[in-house]
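Worksheet: the structure to be examined is printed underneath.
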Amino acid sequence: MSVSRFWRKQQNRYNLIGTHCTTCGRYFYPPRSFCPDCRREGKIVDHKFKGVGTVVTYTIVRSAGDQFKFLTPYALAIIELDEGSKLTSQVICDIDKIQIGMRVKPVFRKLAEDGKSGAIFYGTKFVPA
Amino acid sequence: MREVAVIGVGCTKFGERWETSFRDLFVQAGALALEDGNLSGERIDEIFVGNMSAGRFIEQEHIGALIADYAGLATDNIPATRVEAACASGGLAFRQAYTAVASGMSDIVVAAGVEKMTDVGTEVTTDVLAAAADREWEGIAGITFPGLYAMMATQYMHRYGLTREQLAQVAVKNHDNGAKNPNAQFQKPITIETVTKSTLVADPLRLFDCSPVTDGASAVILAPLERAREFTDTPIKVLGCGQASSSLALHDRKDICTMDATVAAGNRAFQTAKVERKDIGFVEVHDCFTIAEICAIEDLGFCKKGEAGKLTEEGYTARDGKLPINPSGGLKACGHPVGATGVKQVYETVKQLRGDAGGRQIDAEIGMTHNVGGTGATVVCHIFGRV
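The listed protein sequences derive, respectively, from chains A and B. Under numbering that gives the first Met the number 0, the letters of the first sequence match residues 0 to 128, in that order. Under numbering that gives the first Met the number 0, the letters of the second sequence match residues 0 to 386, in that order.
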């Protein structure tokens, strides 16, 4: 991913900042600038998520693309945040311990790097709460 | 809207075609389709080609013009359009061709699909395919396609009690069908143990739960039904068509285990075809992973949620079962050159309905195709019948 493309979403990734529609009360992480329910009636503001959530489903990735190969095997999960939005993230834990319903909280970690001399991308991953 | 028929079909051998280039693949498929439809290239009015990622696989874009050119039609100056929706590119190319003929815009139209995947290494292929998911919010988390489908499988097994063996039976059944298909990448039957003892790729999915990396091309020719008998004694009519989209990212689906785009596209195909589930003789579904076939059978409405594993185990979806699924061997055994798959499904369905399917022949009047892009963000279904 190019540096500018990553940088644009840096605050969202570093601090788990998503959005919130004040018209209907729905929360969005990843952030959306347009509410699918309220459409043009929606009013979107930034929202810093508490970050705690629950594992909806998971897998252990044992074979990955170039950028993530060095991390294998790693736990990957869909997490439902307490505000009611779902996201995809790695969960840093003993890969045999992850399970559906597990409570998790956010941590700041290196996500990937763009080759040996490219940018290093940081952001949020999760650990058992 | 005019009624539309498929009048000619062609498909290359699927596999690791080291000796054959991208261009040669689609030229071979096109020539086979023209020969089958008993017509020459200058009769073609328009071409649609499904292709996911030639830009990254062979560093070539502008595929529509390339195909028309190397099919020898550069001086005919016909419209040639590339269609892209990840692994549903082929099915969408067919839909575009169908609407072109049905609308009266064009008469003789080619729908083709092609993908050359083995000119890059496995890790690049994994990354190219990951672009079918949400790069900004799934890609950066380190998803892989097996990983996304594995997350569906984890939740599905947890909720419905699907067993490891039931999941493996999908692959066993599809390899059994592939063994009867001379175009299939894998033509060897396997056992449950072949699957359950293969390498873990993304738990619970193992190597034999996954469709392979494949080179291949397929092409079919469409014409107005009223003109179809100029070309063939066995035209196959397009009875119904349905396309749908859903959230790009798996995490944004209301239910991880239901492809709502499959539900919508399936319903639209049944409504336009004016046929019932019970009228369908067989289905070519998008089994990019074993769990995908289980979900497809349910989401298309052939059984209730949670029942497809048991039906598969009981042989309901086998070639001699009540509803054969993937007589071609599916993506699992026939192979999955992503842009070509949707057109190959049409090829197989036409061969079956004509009674031309050799050792894997099924006796059926009506068949259906189901082609998925990504984890279900695009789905396209077609229903076909004998005339």
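In this text, a Cβ means the ideal position worked out from N, Cα and C, and glycines have one as well.
Whole-angstrom distance between residue j and residue i, CA atom to CA atom
i	j	result
I16(A)	A218(B)	47 Å
F107(A)	S88(A)	12 Å
E79(A)	D214(B)	38 Å
S210(B)	F93(B)	22 Å
R61(A)	T117(B)	21 Å
M156(B)	C256(B)	10 Å
K187(B)	K172(B)	11 Å
A272(B)	T98(B)	15 Å
A140(B)	K115(B)	27 Å
I43(B)	P78(B)	10 Å
T261(B)	V378(B)	6 Å
V82(B)	E122(B)	25 Å
A128(A)	C92(A)	11 Å
G305(B)	R267(B)	23 Å
C37(A)	T231(B)	53 Å
D65(A)	G71(B)	39 Å
A76(A)	Q154(B)	11 Å
R31(A)	C86(B)	26 Å
N370(B)	D259(B)	13 Å
G357(B)	N180(B)	8 Å
G49(B)	A111(B)	6 Å
Span of the beta strand (DSSP E) around residue i
i	result
G54(B)	That residue, G54(B), is in no beta strand (DSSP E); its alpha helix (DSSP H) goes A53 to F56.
D45(A)	I43 to K47
F69(A)	Here F69(A) belongs to no beta strand (DSSP E), and DSSP marks it neither H nor E.
V349(B)	Taken as a continuous stretch (DSSP letters only), V349(B) belongs to no beta strand (DSSP E), being part of the alpha helix (DSSP H) at V337 to R353.
T87(A)	K85 to V90
S210(B)	No beta strand (DSSP E) contains S210(B), which DSSP labels as neither H nor E.
Q9(A)	Counting along the chain, Q9(A) falls outside any beta strand (DSSP E), though it belongs to the alpha helix (DSSP H) covering Q9 to N14.
G24(A)	Premise fails: G24(A) is in no beta strand (DSSP E) and is neither H nor E.
V123(B)	No beta strand (DSSP E) holds V123(B); the alpha helix (DSSP H) holding it covers T121 to A129.
A79(B)	A79 to V82
E114(B)	V108 to E114
Q242(B)	I235 to S244
M367(B)	I365 to G372
Endpoints, the alpha helix (DSSP H) within which residue i is located
i	result
F93(B)	S88 to A101
L310(B)	A307 to E312
P145(B)	F144 to Y159
H250(B)	No alpha helix (DSSP H) contains H250(B), which DSSP labels as neither H nor E.
C294(B)	T289 to D298
L33(B)	F21 to D35
K394(B)	Nothing can be reported for residue 394(B), as the shown portion of chain B is limited to 0 through 386.
E192(B)	I191 to T195
G329(B)	G329 to C333
V262(B)	D259 to A272
L65(B)	I62 to A67
Within chain B, partners of residue i - CB distance below 9 Å
i	result
V60(A)	G141, I142, T143, P145, G146, A149, V200, A201 and D202
G17(A)	Going along chain B, no residue has its Cβ under 9 Å from G17(A), so there is no contact; the nearest lies around 11 Å.
Cross-chain neighbours of residue i in chain A, by beta carbon under 7 Å
i	result
E122(B)	G64, D65 and K68
H473(B)	In the structure as shown, chain B begins at 0 and stops at 386. Residue 473(B) is therefore absent and cannot be evaluated.
Neighbouring residues, chain B, relative to residue i (Cβ below 8 Å)
i	result
A111(A)	I139 and G141
F120(A)	I139
Sub-8 Å separation of residue i and residue j beta-carbons
i	j	result
G366(B)	T348(B)	yes
T340(B)	G103(B)	no
G122(A)	Y26(A)	no
T22(A)	V44(A)	no
G100(A)	V54(A)	yes
Y346(B)	V8(B)	yes
A131(B)	G373(B)	yes
A201(B)	V113(B)	no
A32(B)	I220(B)	yes
F281(B)	P223(B)	no
D208(B)	V194(B)	yes
Y148(B)	F288(B)	yes
T143(B)	A63(A)	yes
K104(A)	V126(A)	yes
D81(A)	K49(A)	yes
I46(B)	A53(B)	no
Listed by chain order, chain A residues near residue i by CB distance under 8 Å
i	result
W136(B)	P29, L86 and T87
T153(B)	T56, Y57, T58 and I99
A129(B)	G64
Review point. Of the residues that make up the segment 73 to 92 of chain A, which ones have a beta carbon closer than 7 Å to any beta carbon in chain B?
Key: Close to chain B, meaning a Cβ-Cβ distance shorter than 7 Å, are the following residues of the segment 73 to 92 of chain A: Y73, L75, I77, K85, L86, T87, S88 and Q89.
Exercise for review: Residues of the segment 24 to 35 of chain A with a CB closer than 8 Å to any CB of chain B: list them in chain order, please.
Suggested key: Listed in sequence order: P29.
Practice item. Return the residues of the segment 94 to 118 of chain A that lie within a Cβ-Cβ distance of less than 8 Å from chain B, sorted by chain order. Key: If the cut-off is 8 Å between Cβ atoms, the segment 94 to 118 of chain A has I99, L110 and A111 near chain B.
**Study point:** Proximal residues, the segment 41 to 60 of chain A versus chain B, C-beta separation under 9 Å
**Key:** Listed by position, the residues of the segment 41 to 60 of chain A near chain B (Cβ gap below 9 Å) are V55, T56, Y57, T58, I59 and V60.
Practice item. With 7 Å as the C-beta to C-beta threshold (strictly closer), list the residues of the segment 251 to 265 of chain B near chain A in chain order. Key: Among the residues of the segment 251 to 265 of chain B, those with a Cβ less than 7 Å away from any Cβ of chain A are D251 and I255, in the order of the chain.
**Study point:** Residues of the segment 99 to 127 of chain B with Cβ closer than 8 Å to any Cβ of chain A, in chain order
**Key:** For the segment 99 to 127 of chain B, the set of positions with a beta-carbon nearer than 8 Å to some beta-carbon of chain A reads E122, V123, T125 and D126 in chain order.
Exercise for review: Using a Cβ-Cβ cut-off of less than 7 Å, give me the residues of the segment 157 to 181 of chain B that come near chain A, in sequence order.
Suggested key: Within the segment 157 to 181 of chain B, the qualifying residues are H157.
Review point. Closer than 8 Å, Cβ to any Cβ of chain A: which residues of the segment 227 to 254 of chain B, in chain order?
Key: Listed in chain order, the positions of the segment 227 to 254 of chain B with a beta carbon within less than 8 Å of a beta carbon of chain A are A248, L249, H250 and D251.
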